[in-house]
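Q:
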Amino acid sequence: MQSEMRVLGIETSCDETGIAIFDASLGLLAHVLYSQVKIHAEYGGVVPELASRDHIAKILPLIQTVLTKANLQAKDISGVAYTGGPGLLGALLVGACVGRALAYSLNVPAIPINHLEGHILAPMLEESKPCFPFLTLLVSGGHTQIIKVIKAGHYEILGETLDDAVGEAFDKTAKLLGLGYPGGARLEALAKKGNPLRFNFPRPMLDKKSLDMSFSGLKTHVAQVINQVSLQDEQMRADIACAFQEAVIATLTIKSQRAIEKTGYKALVVAGGVAANYALRLSLQQMMEQRGGTVYFPRQEFCTDNGAMIAYVGCQRLLRTKMQAFDMHIYPRWSLSDLPPF
Ligand code: KG4
Ligand code: ZN
Numbered sequence: 001m002q003s004e005m006r007v008l009g010i011e012t013s014c015d016e017t018g019i020a021i022f023d024a025s026l027g028l029l030a031h032v033l034y035s036q037v038k039i040h041a042e043y044g045g046v047v048p049e050l051a052s053r054d055h056i057a058k059i060l061p062l063i064q065t066v067l068t069k070a071n072l073q074a075k076d077i078s079g080v081a082y083t084g085g086p087g088l089l090g091a092l093l094v095g096a097c098v099g100r101a102l103a104y105s106l107n108v109p110a111i112p113i114n115h116l117e118g119h120i121l122a123p124m125l126e127e128s129k130p131c132f133p134f135l136t137l138l139v140s141g142g143h144t145q146i147i148k149v150i151k152a153g154h155y156e157i158l159g160e161t162l163d164d165a166v167g168e169a170f171d172k173t174a175k176l177l178g179l180g181y182p183g184g185a186r187l188e189a190l191a192k193k194g195n196p197l198r199f200n201f202p203r204p205m206l207d208k209k210s211l212d213m214s215f216s217g218l219k220t221h222v223a224q225v226i227n228q229v230s231l232q233d234e235q236m237r238a239d240i241a242c243a244f245q246e247a248v249i250a251t252l253t254i255k256s257q258r259a260i261e262k263t264g265y266k267a268l269v270v271a272g273g274v275a276a277n278y279a280l281r282l283s284l285q286q287m288m289e290q291r292g293g294t295v296y297f298p299r300q301e302f303c304t305d306n307g308a309m310i311a312y313v314g315c316q317r318l319l320r321t322k323m324q325a326f327d328m329h330i331y332p333r334w335s336l337s338d339l340p341p342f
């Protein structure tokens with residue numbers, strides 16, 4: 001096993017260009033992020049072609065910026081990790097082509113990293129990190145999963161959404177309430193002013209034993225309620241936001257609780273953009289405290305998409321990988337259970 005490894009991580013699976021450098025002995029040396037959110041806001045969602053084009057425009061200057069921040073030159077890099085999937089095909093291609101080409105020019109290895117594994121192991125970038133095994137609740141705009149993390153590289157999906165991701169449900173509901181895109185954080189702010197007793201929205205699939213979830217019915221329920229009331233009334237909008245958020249949080253908390261009871265695990269990691277939701281954090285924290293366990297949140301900027309998590313996982317995997325092929329891999333669909341343990 002090589003002892004020295006300094007990896008450049010490249011994340012371009014969706015609408016964020018994230019670049020970072022992780023050193024096996026020194027830890028995270030630098031990271032930068034460029035979010036395309038403003039570009040996509042006027043379309044109400046991510047436009048894949050625009051995402052790819054913007055990654056092309058930003059990726060090389062960002063790599064230069066991260067090297068400067070770390071006080072390094074390209075020749076100091078001993079490996080490159082790029083997000084291989086899951087994600088948008090064109091966006092992934094940009095990071096993979098640049099990463100593979102850069103590695104080739106430096107004569108160092110390049111490795112594709114599973115984006116979800118990046119999210120799962122992002123808490124390892126923090127000082128206070130969970131010990132294996134633990135449970136991860138991944139809640140983002142694209143994913144909603146409860147994952148049993150047995151050890152690094154060994155994952156089992158215990159439950160997932162059967163339709164909309166939870167962030168997507170937040171965004172769609174926010175749109176119905178006229179809050180713009182992406183509206184998760186604005187919906188949370190509005191919900192704070194809401195009366196939780198005015199509506200009681202359905203908690204989907206709680207009667208089912210399975211840990212799978214469903215959020216599209218809840219969004220449809222909101223649409224039906226909105227058809228019957230006046231959205232001119234600010235209090236009404238706040239009450240709807242509040243009821244929606246309560247239903248989502250109750251569902252996520254109960255499903256996580258059942259997963260904790262099923263596994264007997266004592267640590268829960270919450271990752272993904274929706275982990276920014278304060279009310280969700282509080283609810284999961286209370287649930288874990290009542291069970292003598294601990295909940296871990298990566299810092300805010302590493303909850304959402306970022307290059308640091310890719311550089312970290314890339315470093316761990318490259319330290320244990322002998323292969324030095326010049327091929328390039330992207331997998332727009334890439335299951336966690338297909339990964340080799342490390
Ligand atoms: O992980 P992320 O940055 O991007 C991916 O989806 O990959 O997650 C973004 C999602 C969006 O759906 C956004 O509305 C949601 O996270 N989000 C929130 C909050 N902040 C961001 N949802 C609820 N409450 C929040 N405070
Ligand atoms: Zn993500």
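Under our numbering, residues 1 to 342 are what the sequence shown spells out, in order. Every residue gets a Cβ at the ideal spot worked out from N, C-alpha and C, and that includes glycine. Note that the structure is predicted; figures quoted are calculated from it, not measured.
(1) Whose C-beta lies closer than 7 angstroms to the C-beta of residue 62 among residues of the same chain, with five residues either side of it excluded?
(2) Does the beta-carbon of residue 243, which I'm using as the reference point, lie nearer than 7 angstroms to any heavy atom of the ligand KG4?
(3) Could you tell me the distance, in whole angstroms, from the CA atom of residue 10 to the CA atom of residue 229?
(4) Taking the C-alpha atoms as reference points, what is the distance between residue 328 and residue 12?
(5) When you compare only the Cα positions, how much space is there between residue 24 and residue 5?
(6) Taking a contact to mean a Cβ-Cβ separation below 8 angstroms, would you say residue 237 touches residue 190 in this structure?
(7) Are residue 59 and residue 95 close, meaning C-beta to C-beta below 8 angstroms?
(8) The beta strand (DSSP E) that contains residue 160, what's its start and end?
(9) Once DSSP output is grouped into helix, strand and coil, what is the label at residue 39?
(10) With burial defined as no fewer than 16 other Cβ atoms inside 10 Å of the residue's Cβ, what is the status of residue 41: buried or exposed?
(11) Between the C-alpha atoms of residue 262 and residue 151, what's the straight-line distance to the nearest angstrom?
(12) If you measure from the CB of residue 128, is any heavy atom of the ligand ZN nearer than 7 angstroms?
(13) CB-CB under 8 angstroms to residue 1, same chain, minus the five flanking residues each way: which ones, in chain order?
(14) Determine, using beta carbons only, whether residue 116 and residue 332 come nearer to each other than 8 angstroms.
(15) Leaving out five residues on either side along the sequence, give the residues of the same chain with a beta carbon under 6 angstroms from the beta carbon of residue 317.
(16) How is the beta strand (DSSP E) around residue 295 delimited, first residue to last?
(17) Return the chain-ordered list of same chain residues with a C-beta closer than 7 angstroms to the C-beta of residue 227, the five sequence neighbours on each side being excluded.
(18) Exposed or buried, residue 188, counting other C-beta atoms within 10 Å across all chains shown (16 or more means buried)?
(19) Just grab the DSSP bridge partners of residue 6 for me.
(20) What are the start and end residues of the alpha helix (DSSP H) that includes residue 136?
(21) Starting from residue 145, trace the alpha helix (DSSP H) in both directions and tell me its first and last residue.
(22) Can you list, in chain order, the residues of its chain with a C-beta nearer than 6 angstroms to that of residue 55? Leave out the 5 residues immediately preceding and following it.
(23) Which partner residues of residue 112 appear in the DSSP bridge assignment?
(24) Check each candidate in 297, 44, 330 and name the one with the smallest Cα separation from residue 176.
(25) Where does residue 180 sit, in a helix, a strand or coil, going by DSSP?
(26) Within the continuous alpha helix (DSSP H) that includes residue 57, where are the two ends?
(27) For residue 104, which three-state DSSP category applies?
(28) Assign residue 100 to one of two classes, buried (16 or more other C-beta atoms within 10 Å of its C-beta) or exposed (fewer than that).
(29) Determine the DSSP secondary structure at residue 301, reduced to helix, strand or coil.
A: Reading from the atomic positions:
(1) 17, 19, 32, 34
(2) no
(3) 47 angstroms
(4) 15 angstroms
(5) 5 angstroms
(6) yes
(7) yes
(8) 154 to 160
(9) helix
(10) exposed
(11) 17 angstroms
(12) no
(13) Confidence at residue 1 is low in this model, with a pLDDT of 49, below 50, so its placement is unreliable and no value can be given for it.
(14) no
(15) 111, 342
(16) 294 to 296
(17) none
(18) buried
(19) 23
(20) Per DSSP, residue 136 belongs to no alpha helix (DSSP H); it is in the beta strand (DSSP E), 134 to 139.
(21) No alpha helix (DSSP H) holds residue 145; the beta strand (DSSP E) holding it covers 144 to 151.
(22) 12, 17, 91, 94
(23) 82
(24) 44
(25) coil
(26) 48 to 69
(27) helix
(28) buried
(29) helix
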